[in-house]
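*Asks:* This is the structure I have questions about; it appears just below.
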Amino acid sequence: MSTSPKENLEKLGIKLPTPVAPVANYVTYVQTGNLLSVSGQLPLDGEGKLPYIGKVGQEVTLEDANKAARLCAINIISQINAACDGDLNRVVRIVKLGAFVNCVDSFPGQPGIVNGASDVMVEVFGNAGKHSRSAVGTNALPLNVPVEIDALIEIS
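At position 120 of the sequence shown (counting the first as 1) the number is 119 in numbering that gives the first Met the number 0, and the numbers step up by one without a gap.
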């Protein structure tokens, strides 16, 4: 891959969607010093629709949950792009992803699902995309989505 996140997005065929506006009493991102905190992003597609609904291990397959995590990552990058005024070269490091997987109680595969998001960060940002993370199973998420992911990013 290239060293430019924008070029990598193009090579991957990823078109960043318009960043989603907050729907409650919060903001989509906050910058403090050189850290950018991005609020939890849902797996909305480029048309603002939710192609995956339900619990992993019930209505949602592992493959679709992985795709949902990938969409969450793309939406995180969209928020980063907005915060950086369109200059993704300002990303120094994806520091951490915090992922929540809406799944049946006995499901143990949250990390594999969240790889869908982690892979995108490395594909787009290279070594700067390697991050720490958490992958937590939960009994419910907003709008019954299978995955929600937030992020902490170091920017210049």
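Don't be surprised by glycine CBs; every beta carbon is placed ideally from N, CA and C.
So what's residue 143 in DSSP terms, helix, strand or just coil?
*Replies:* Taking the first residue of the sequence shown as 1, we reach residue 143 at position 144. If DSSP states are grouped into helix, strand and coil, residue 143 belongs with the helices.
*Asks:* In or out: residue 70 buried (at least 16 other Cβ within 10 Å) or exposed?
*Replies:* Here residue 70 corresponds to residue number 71 of the sequence shown, with the count starting at 1. Classification of residue 70: buried, given that the 10 Å Cβ count is 16 or more.
*Asks:* Pull up the DSSP beta-bridge partners for residue 35, would you.
*Replies:* Taking the sequence shown and counting its residues from 1, one reaches residue 35 at position 36. Beta-bridge pairing links residue 35 to 30 and 152.
*Asks:* Do the segment 78 to 96 and the segment 128 to 145 make contact, defined as three or more Cβ pairs closer than 8 Å?
*Replies:* Touching, per the Cβ criterion.
*Asks:* Where does residue 114 sit, in a helix, a strand or coil, going by DSSP?
*Replies:* Sequence index remark: in the sequence shown, residue 114 carries index 115 (1-based). Note: residue 114 maps to helix in three-state DSSP.
*Asks:* Given residue 121, which residues of its chain have a CB within under 7 Å of its CB, disregarding the five upstream and five downstream residues?
*Replies:* As a working note, residue 121 is residue 122 in the sequence shown. So the qualifying residues of the chain are 128 and 129.
*Asks:* So what does DSSP say about residue 23, is it helix, strand or coil?
*Replies:* Position 24 of the sequence shown, counted from the first residue, corresponds to residue 23. It is coil, neither helix nor strand.
*Asks:* Could you give the distance in angstroms between the alpha-carbon of residue 88 and the alpha-carbon of residue 3?
*Replies:* Residue 88 sits at position 89 when you count from the first residue of the sequence shown. Residue 3 sits at position 4 when you count from the first residue of the sequence shown. Going from the Cα of residue 88 to the Cα of residue 3 covers about 7 Å.
*Asks:* Could you please give me the residues that DSSP links to residue 93 through a beta bridge?
*Replies:* Along the sequence shown, read from residue 1 onward, the residue named residue 93 stands at position 94. According to DSSP, which records beta bridges pairwise, residue 93 is partnered with 152.
*Asks:* Can at least three beta-carbon pairs, one atom from the segment 73 to 90 and one from the segment 104 to 115, be found at a separation below 8 Å?
*Replies:* Taking 8 Å as the limit for Cβ pairs, the verdict is that the segment 104 to 115 does not touch the segment 73 to 90.
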